[in-house]
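Participant: Starting off with a structure, shown below.
Chains as they are written, first to last, in UniProt numbering: chain Z, 1 to 96; chain G, 1 to 96.
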């Protein structure tokens, strides 16, 4: 079962998630990634897509050329869950 | 050399581009695509990414699960060019 994180849990999680911030007016987190070019950006997106599909937990994302804006939230709990933390952690790891 | 399309050329092009519309306050075109699921949406995005990279002409796009919002414009001409028409035509073709 997916459980909604408390404000304290979100705060603690963000301390370990470099670059991720909360979204104004919505219980979600976001991060802007920048790559060398589109090729690198889309390669990153592809790795995230495979992970997301495996988790059955998908990002909201906007890409233009080398820039990628990602928002994560868990609709089932109308907020954030450990799935968002897991996906954000994965993105940070592979963005290296 | 990339040439900026005239208003008449844009109008004519849109007649053949099902679902594409102009963007308010900006010389660009956009379309919203809907797929069965994330897998199908990202498969489509991957085909478009390969085409875009080959053309060296990239979309602005927002995806969440099975939905994809695409905006096309040509920065070099500060408007629309034949590259946008070509990429939009390609997307319509493979979206089937």
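Yeah, the Cβ is synthetic: ideal placement off N, Cα and C, and Gly gets one too. Note that the structure is a prediction, hence the values are computed from the model and not measured.
I'd like the ranges of any beta strand (DSSP E) spanning at least 3 consecutive residues and lying wholly in the segment 9-82 of chain G.
Facilitator: 21-23, 26-34, 60-64 and 67-72, all fully within the segment 9-82 of chain G.
Participant: Quick one: what's got a C-beta closer than 6 Å to residue 35 of chain Z's C-beta in the same chain, skipping five residues either side?
Facilitator: Within the same chain, residue 35 of chain Z has close Cβ partners 41 and 66.
Participant: For residue 21 of chain Z, count neighbouring C-beta atoms within 10 Å of its own C-beta (all shown protein chains included) and say buried if the count is 16 or more, exposed if not.
Facilitator: So residue 21 of chain Z counts as exposed.
Participant: Quick check: is the beta carbon of residue 86 of chain G nearer than 8 Å to any beta carbon in chain Z?
Facilitator: Answer no: the Cβ-Cβ gap between residue 86 of chain G and chain Z never drops below 8 Å.
Participant: Are the Cβ atoms of residue 55 of chain G and residue 93 of chain G separated by less than 8 Å?
Facilitator: Taking 8 Å as the Cβ cut-off, residue 55 of chain G and residue 93 of chain G do not qualify as a contacting pair.
Participant: Tell me which same chain residues have a C-beta within less than 6 Å of the C-beta of residue 32 of chain G, skipping the five on either side of it?
Facilitator: So the list reads 69, once near-sequence residues are dropped.
Participant: Among the residues of its own chain, which have a CB less than 7 Å from the CB of residue 18 of chain Z, if the five just before and after it don't count?
Facilitator: Once the five neighbours on either side are set aside, the close Cβ partners of residue 18 of chain Z are 92.
Participant: Can you check whether the C-beta of residue 78 of chain Z is within less than 8 Å of a C-beta belonging to chain G?
Facilitator: It does not: the Cβ of residue 78 of chain Z has no partner Cβ on chain G nearer than 8 Å.
Participant: Return the CA-CA distance between residue 87 of chain Z and residue 52 of chain Z, expressed in angstroms with no decimal places.
Facilitator: Rounded to whole angstroms, residue 87 of chain Z to residue 52 of chain Z spans 7 Å at the Cα level.
Participant: Using a Cβ-Cβ distance cut-off of 8 Å, determine whether residue 23 of chain Z contacts chain G.
Facilitator: Not one chain G Cβ lies under 8 Å of residue 23 of chain Z.
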